[in-house]
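J.: Start counting the sequence shown at 1; every next residue gets the next number (UniProt numbering).
For glycine and all other residues, C-beta sits at the position ideal for the given N, C-alpha and C.
Supplied in structure tokens, the structure appears directly below.
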Amino acid sequence: MVLGGLFTCVAQQVHINIEFTGDYKITHVHSKYKYEPEQLPLAKLNVKLHDLNAEEKRNLVFQLHVPKMDNNEQNVDMTSQQPMSLTQSSKEIQLFENQIIGNVIVMYIDSNTGHTITTEPVSFNLVRDLYPSDDLLHINHMLDIQRNRVETTYALEQAMIEDDYRQSRAILKAQIDKIKASVSVQDPFCQKLIKDLEYHYPTERDYRSSQHNTYMSHTTERVICVLHVAIGKCKIIFSSILHETVSTMKTIHEEKCTALNGIPIIFRDILNHPNKKI
Numbered sequence: 001m002v003l004g005g006l007f008t009c010v011a012q013q014v015h016i017n018i019e020f021t022g023d024y025k026i027t028h029v030h031s032k033y034k035y036e037p038e039q040l041p042l043a044k045l046n047v048k049l050h051d052l053n054a055e056e057k058r059n060l061v062f063q064l065h066v067p068k069m070d071n072n073e074q075n076v077d078m079t080s081q082q083p084m085s086l087t088q089s090s091k092e093i094q095l096f097e098n099q100i101i102g103n104v105i106v107m108y109i110d111s112n113t114g115h116t117i118t119t120e121p122v123s124f125n126l127v128r129d130l131y132p133s134d135d136l137l138h139i140n141h142m143l144d145i146q147r148n149r150v151e152t153t154y155a156l157e158q159a160m161i162e163d164d165y166r167q168s169r170a171i172l173k174a175q176i177d178k179i180k181a182s183v184s185v186q187d188p189f190c191q192k193l194i195k196d197l198e199y200h201y202p203t204e205r206d207y208r209s210s211q212h213n214t215y216m217s218h219t220t221e222r223v224i225c226v227l228h229v230a231i232g233k234c235k236i237i238f239s240s241i242l243h244e245t246v247s248t249m250k251t252i253h254e255e256k257c258t259a260l261n262g263i264p265i266i267f268r269d270i271l272n273h274p275n276k277k278i
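Spelled out as structure tokens, the structure:
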């Protein structure tokens, strides 16, 4: 049972159209979302995302080739030790620092009206500056968090393919070490990534089943909830790229209300009334 299907769908058939100019090209797409054309590098790309539910977000991480510009194109004397403001007009500097190299458009079907919505183009701005400001030199923690998420999905995919249990765990251990060495390690989401990867399951079967769900959750950035019903007990695996990570709750009986903290209301209702139909 996938919890995502119980949420309100706000956008269907979501497409991201990315287009760059000149020699700027997308070289890698760090996502499991389908895109066309499939042969990279390309200046134009159409990415198809899953339907978007209320309160969900999507992150699209890709690498871009930025061509080197010669001195004439930049209109900057690279040998000059003077600040750019002394060798160029303010208008030239502004154009130079705010170079538009492409744009992105989002297209989707509004679930309420059935109409196709196309957003206004949003530009990609490239800053080429010999003397970048302090705010441009700051480490982008949000990007580093996404890098940790993407690399974790790759590690989980490799670990689930690996037949040898010890080798599989070793792959995840290596990824844990990479996250711990990253600049965003103290971020709550990265801490949850570490906790998910470090969790010791009672059996290899539980390990592979749960970590596969973790992989799917981080790959699709969608809340995944799997409900296993056994005799007299329920086991819930709840995963979310946005708010929660995998947590396992065993044998829900008398302590059911306590164990259900953090589970969406509709699921609490199902567990409190197991015979109720939805």
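Return the residue from the list Val150, Tyr215, Ala11, Thr220 that minimises the CA-CA distance to Gly114.
T.: Start at 1 with the first residue of the sequence shown, and residue 114 comes out as number 114. When only C-alpha atoms are compared, the closest one is Ala11.
J.: Compare the Cα-Cα distances from Asp196 to each of Thr152, Leu52, Leu45 and report the closest residue.
T.: The residue you call residue 196 lines up with position 196 of the sequence shown. Looking at the Cα atoms, Thr152 is the closest of the given residues.
J.: What number of angstroms, rounded off, separates the C-alpha of Asp51 from the C-alpha of Gln13?
T.: Looking up residue 51 in the sequence shown gives position 51. Looking up residue 13 in the sequence shown gives position 13. Near 6 Å, if we compare the C-alpha coordinates of Gln13 and Asp51.
J.: Mind checking which residues open and close the alpha helix (DSSP H) that includes Val150?
T.: Within the sequence shown, the letter at position 150 stands for residue 150. Segment 141 to 161, the alpha helix (DSSP H) holding Val150.
J.: Smallest Cα separation from Ile117: which of Phe124, Thr214, Gln167, Tyr108?
T.: For the purposes of this step, residue 117 is identified with residue 117 of the sequence shown, where counting begins at 1. When each option's Cα is compared against that of Ile117, the closest is Tyr108.
J.: Please name the residue, chosen from Arg205, Val183, Gln146, Ile105, that lies closest to Val47 on a Cα-to-Cα basis.
T.: On the sequence shown, position 47 is the one that residue 47 refers to. Minimum Cα distance to Val47 is reached at Ile105.
J.: Give the straight-line distance between the Cα atoms of Asn103 and Thr220, rounded to the nearest whole angstrom.
T.: To locate residue 103, count along the sequence shown from 1; it is residue 103. To locate residue 220, count along the sequence shown from 1; it is residue 220. Spanning the two alpha carbons is a distance of roughly 24 Å.
J.: Express the C-alpha separation of Leu143 and His28 in angstroms, rounding to a whole number.
T.: Numbered from 1 along the sequence shown, position 28 holds the residue referred to as residue 28. Numbered from 1 along the sequence shown, position 143 holds the residue referred to as residue 143. Rounded to whole angstroms, His28 to Leu143 spans 15 Å at the Cα level.
J.: Roughly how many angstroms lie between the CA atoms of Ile16 and Leu156, to the nearest whole one?
T.: Residue mapping note: residue 16 aligns to position 16 of the sequence shown, counting from 1. Residue mapping note: residue 156 aligns to position 156 of the sequence shown, counting from 1. Their Cα atoms are separated by approximately 26 Å.
J.: Give the range of the alpha helix (DSSP H) segment to which Ala174 is assigned.
T.: The residue you call residue 174 lines up with position 174 of the sequence shown. Ala174 -> alpha helix (DSSP H) spans 165 to 180.
J.: Along the chain, where does the alpha helix (DSSP H) containing Met216 start, and where does it finish?
T.: Counting from 1 along the sequence shown, the entry for residue 216 is found at position 216. Note, Met216: alpha helix (DSSP H), 204 to 220.
J.: Alpha carbon to alpha carbon, how far is Leu49 from Asn148?
T.: Against the sequence shown, residue 49 aligns to sequence position 49. Against the sequence shown, residue 148 aligns to sequence position 148. The alpha-carbon atoms of Leu49 and Asn148 are separated by roughly 20 Å.
J.: Comparing C-alpha positions only, which one of Arg205, Ile145, His138, Lys25 sits nearest to Pro67?
T.: Sequence index remark: in the sequence shown, residue 67 carries index 67 (1-based). Closest by alpha carbon: Lys25.
J.: Considering just the uninterrupted stretch of the alpha helix (DSSP H) at Lys195, what are its terminal residues?
T.: Mapped onto the sequence shown, residue 195 falls at position 195. Here the alpha helix (DSSP H) through Lys195 covers 188 to 198.
J.: Out of Pro202, Val127, Glu162, Asp135, which one is the CA nearest neighbour of Met69?
T.: As a working note, residue 69 is residue 69 in the sequence shown. Taking only the C-alpha atoms, the option nearest Met69 is Val127.
J.: Classify Thr214: buried if its beta carbon has 16 or more other beta carbons within 10 angstroms, exposed otherwise.
T.: The residue labelled residue 214 in the question sits at position 214 within the sequence shown. Buried, by the Cβ-count rule.
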